[in-house]
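Residue numbers (this note's numbering), protein chains in the order written: chain D, 8 to 526; chain S, 8 to 526.
2 protein chains.
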Amino acid sequence: MYITQGLKRAVQTNGRGIATMDGERKRTWAEFRERVAKLAGALQSLGLRDGGRVAILALNSDRYLEINYAVPWAGGIIIPLNTRLAPTELIFMLNDSDAEILIVDETFAAMLPAFAGKLNTVKQYIYAGDNAAPTGTVNYEQILAAHSAMPDTERGGDEVAGIFYTGGTTGRAKGVMLTHNNLVANAINLVIGLKITDESVYLHAAPMFHLADGCGIVSVTLMGGTHIFIPRFDPSTALETIQRTKVTHCILVPTMLNMVASNPQSKQYDLSSFRVLGYGASPMPEALMIRAKAVFSNCEFVQAYGMTEVSAVATFLDDKYHMFEGPYAQKVSSAGRPIYNIEIKVVDPDDTELPRGVVGEIIVRGPTLMKGYWNRPEETAHALRNGWMHTGDAGYMDEDGFLFLVDRYKDMIKSGGENVFSIEVENAIYQHPSVSMCAVIGIPDEKWGETVHAIVVPKPDQTVTEQAIIQHCRELIAGYKCPRSVEFRQEALPISGAGKIMKAKLREPYWQGRDRRIA
Amino acid sequence: MYITQGLKRAVQTNGRGIATMDGERKRTWAEFRERVAKLAGALQSLGLRDGGRVAILALNSDRYLEINYAVPWAGGIIIPLNTRLAPTELIFMLNDSDAEILIVDETFAAMLPAFAGKLNTVKQYIYAGDNAAPTGTVNYEQILAAHSAMPDTERGGDEVAGIFYTGGTTGRAKGVMLTHNNLVANAINLVIGLKITDESVYLHAAPMFHLADGCGIVSVTLMGGTHIFIPRFDPSTALETIQRTKVTHCILVPTMLNMVASNPQSKQYDLSSFRVLGYGASPMPEALMIRAKAVFSNCEFVQAYGMTEVSAVATFLDDKYHMFEGPYAQKVSSAGRPIYNIEIKVVDPDDTELPRGVVGEIIVRGPTLMKGYWNRPEETAHALRNGWMHTGDAGYMDEDGFLFLVDRYKDMIKSGGENVFSIEVENAIYQHPSVSMCAVIGIPDEKWGETVHAIVVPKPDQTVTEQAIIQHCRELIAGYKCPRSVEFRQEALPISGAGKIMKAKLREPYWQGRDRRIA
């Protein structure tokens, strides 16, 4: 299997259908392929050879999608860079991956001076914006127009299609190598789980560099659907775009969904076209889900759990399990069940499978398993030992195969010999009517090792006291799980490129000079 | 990927759900796995080693399904034999494949004496019936009970999972080697196209030895659905079983569908549980489809086109295109569009792709492409030249990617320099209200090379004349396509194991001593 096959299928089955709509710019699948084949020719003329690496640092756009197909069409490997990182982090990734070509848009062209003299392997810079190309870069539209369409190299199978950096928020970033087979197998699973068809209209609202949204790139193209873009996530723009372009599908992280669901204007939009909302990257508290269902009343919710190392998705929680009453009420707080050709086990430290209901490490196997970490043979061997991806996530499976993520090991709070799962505390806090956003972390304590600390952002124009939050929690969860201290902030909490609240950053001020031991 | 992964997933996600219902016999997925693991142990105790071959000659049953999982669980390769063949043909296949173990049920135990002394490699015989095991065979239930559950060998990936004989009706039968990856990739495509879920109840009505029904084995198991069996196809039994067990899914060949749709009692059954009917193995005339829709009013129709060499399915015609009016009216006579990760081209004899609308040979590529023909390197190289399966089918593709099978090359009638596609003539004849079944063939003619000849089976208690049939056709199709002669029969036309009318057999008496040249 190979990624560009999906594009060719889209042209074969829906050549006159709309491939991309970016603002006022609309292109058919036949036009899209023509541009991809020309851009591929341009990339080769800039020196791209089989397996060469092309990095992209840009906001969402139709060009981002074109690049995602032109690079494999030309035989290259794509490296989508996290747009929220600092120059030093990006320089590390560009050098670590031996990137040869770097593509930037108007937003990130401004960062080029910060890279000057620090990139060891990048030889060519492409400017994919609408302004004049900065010195030292070639203009995307100009080189595209200057080249004729080249035939597809049909690179594929177990060859690497992309390198996706992960773990940038803590520790040294690692490049996850995903093959063509990996990405197509994942896309087919998405087609099933999110019911993607040739009539789907997919909104790229989450950043396209992240594989959560990247799933939509391959799966929607394969089915010949339509891609819609907004440059970066913003609740009002997302809502307006859904209404205007009749979006049917979108994948969001819970934080974004929260922003949409909490937007006071959300009820003013006609969102009736919306069919399926995939959400994931972290579990969603129940209180938030109730809000989201009120906004997207006509749509199915599907939770996905996974990670870059398994090409994104390992489990789906289908819409029918998003119920708070009835026979499935226990399932809604799970991450769902292993998808189709994916195997999941919950194991002890010796990789022995644990009985249902017992918490252990989640391990995953299947056709979407990464080839490895780029230039990290030891870390690859460790992560993929015994042929399974060791996720580092803790969870248990129930008798019906539903996987419950109790927490990331590192997010578990160890207080006086008890383990407190922060998601459980957060879920309680989210049920307070005045809370807009919250995070629960462990902070150092002489007596207990750690104590439970909550950071809360109240809704605009609402006030709430520390005592009210703690009292509210006492009514919902065991005493030892309740926060010992609550801190209030007016601004939103810091969010990673993957849309997760950056707890490491929240923890930092409390742990300076101390060693926080994690399981 | 590997076949038994699907079984383990069914147990993990639906262990207490019903796996099989065969008459009064019901088993859960947990029970089914236990029996499979024990039978695998028994097979190993009978000498089965990695890659060893186990043939099965039996009617449909829950044991047929168990064998389909126990053989790969034990590391073996399964050979499902066509139950309609003569002993000499079966002996050829058993010897050609070097089968080591042969499993028969009560129906086919009677054939064992005819095999005596003629099988070169078979060392063990298993009797999977409910009577006393014949001499020289071991009893299925007894050896199963005598062994403890063995761990899955997890044989998989590009290793051969099964050998499926094809082409038995004309020429020398060839064993198609399909790998674990082939069969799982095909099953996942089926899950999408036929909307198979954990709530699906699948009726094995077509013979399980044939891959058309075999698709249901892997896909329904993977999703943790329920399998229902009838020993052999019979319209009344099928209708009664659908009503009684609330069947949701079934795959039939058009001839079977015709028998169900034409059954005068079909309207007396409650078929409201029925959701999706997959049909295929040959195109279906429109008149027949209208009858079928009247019987299965609550259900979606999905046509599949493919062949054993591509693990069964290459295209789907979704239900929404089964319309005789409106924007899609042109599509209903097509075989649908290439599915997901499958590539299809229509090419000239040099494998150059032809423009849309031009008839040529259909070639197919993708993860479901066979590993090759067993022990036939030359025929494999020829069929798979340039990495594509050359189907030998003629067709064209329209601008929307719909594939129209004009006819098998060999079924095309060459009359006076014109090519007549027999399906088109058959479709016209089927629209006559007195016709139950028909076939159109070319018969030798001094002047024209061939002329169009129709063989017609009228409905019971109805009569129709040759002149009436020809006149009826003149109103629907061009004069040169109309039959020059019509022959009437009272008995059903001969049907192959795959459910196709055996035109070679119908042609035979007309062509004795002559050479019919085909494209």
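Every residue gets a Cβ at the ideal spot worked out from N, C-alpha and C, and that includes glycine.
Query	Result
Contact list for D:ARG16 against chain S, beta-carbon separation under 8 Å	PRO345, TYR347, GLU350 and GLY408
For D:GLU425, the three-state DSSP class (helix, strand or coil)	strand
Cross-chain neighbours of S:LEU191 in chain D, by beta carbon under 7 Å	Position check: residue 191 of chain S holds Val in this sequence, whereas Leu was assumed. By Cβ distance, chain D contributes ASN348.
S:LYS130, buried or exposed, once every other Cβ within 10 Å from all chains shown has been counted against 16	exposed
Contact belief for D:TYR437 with D:PRO242 at Cβ below 8 Å, rounded distance in angstroms	D:TYR437 to D:PRO242, Cβ: 18 Å. No contact.
Beta carbon proximity, S:MET100 to chain D, threshold 8 Å	no
Short-range partners of chain S found in the segment 363-396 of chain D, where Cβ spacing is below 8 Å	GLY373 and PRO374
Reduced DSSP secondary structure (H/G/I, E/B, other) of D:THR176	For D:THR176, the predicted model reports a pLDDT of 43, less than 50, meaning its position is unreliable; a value from the coordinates is still stated below. Coil, per DSSP.
From D:ASP452, D:GLU473 and D:MET419, residue whose alpha carbon lies closest to that of D:VAL442	D:GLU473
Span of the beta strand (DSSP E) around D:PHE495	492-495
Minimum Cβ-Cβ distance from S:THR95 to chain D less than 8 Å	no
S:HIS217 to S:GLY287 span [Cα, whole Å]	12 Å
9 Å Cβ cut-off: residues of chain S touching D:MET8	ALA192, ASN348, GLY373 and PRO374
Exposure label - S:ALA499; buried when at least 16 CB within 10 Å	exposed
Beta carbon proximity, S:VAL208 to chain D, threshold 8 Å	no
Where D:THR177 falls, given that 16 or more other Cβ within 10 Å makes a residue buried	Reliability fails at D:THR177, whose pLDDT of 45 lies under 50, so the model's placement of it is uncertain and no value is given.
D:LYS352: first and last residue of the uninterrupted beta strand (DSSP E) it sits in	350-354
Cut-off 6 Å between Cβ atoms - residues of its own chain near S:ARG34, not counting five sequence neighbours on either side	ALA26 and THR27
Environment of S:HIS389 [buried if 16+ CB atoms lie within 10 Å]	exposed
Within 8 Å, strictly: CB atoms of S:HIS256 and S:SER207	yes
Test: S:LEU229 CB closer than 8 Å to a CB of chain D	yes
Below-8 Å beta-carbon distance, S:ILE199 vs any chain D residue	yes
Through-space distance from D:MET419 to D:ALA526, alpha-carbon basis	Below a pLDDT of 50, predicted positions are generally treated as unreliable, and D:ALA526, at 34, falls in that range; the measurement from the model is reported next regardless. Taking the straight line from one Cα to the other gives about 9 Å.
D:GLY200 (DSSP reduced to helix, strand or coil)	helix
Interface residues of chain B facing D:THR20 [CB-CB closer than 9 Å]	This model lacks chain B altogether; the protein chains it does include are D and S.
Minimum Cβ-Cβ distance from D:GLN12 to chain S less than 8 Å	yes
8 Å Cβ cutoff met for S:ARG363 and S:GLY394	no
Bridge partners - D:GLN310, DSSP secondary structure assignment	D:TYR286 and D:LEU324
Span separating the alpha-carbon of S:ARG239 from that of S:LEU66	6 Å
Inter-stretch contact at 8 Å, needing at least 3 Cβ pairs: the segment 100-108 of chain D / the segment 122-139 of chain D	yes
Reference S:VAL198; option with closest CA among S:ARG514, S:PHE323, S:GLN51 and S:PRO384	S:PHE323
Nearest-angstrom Cα separation, counted from D:ILE224 out to D:PRO261	20 Å
D:LYS33 - partner residues in DSSP beta bridges	D:MET28
From S:THR359, S:ALA342, S:GLY82 and S:ALA156, residue whose alpha carbon lies closest to that of S:GLU38	S:ALA156
Beta strand (DSSP E) runs contained entirely in the segment 90-129 of chain S, provided each spans 3 or more residues	108-111
Other residues of its chain near D:ALA17: CB distance less than 6 Å, five sequence neighbours each side excluded	TRP36, THR228 and GLY231
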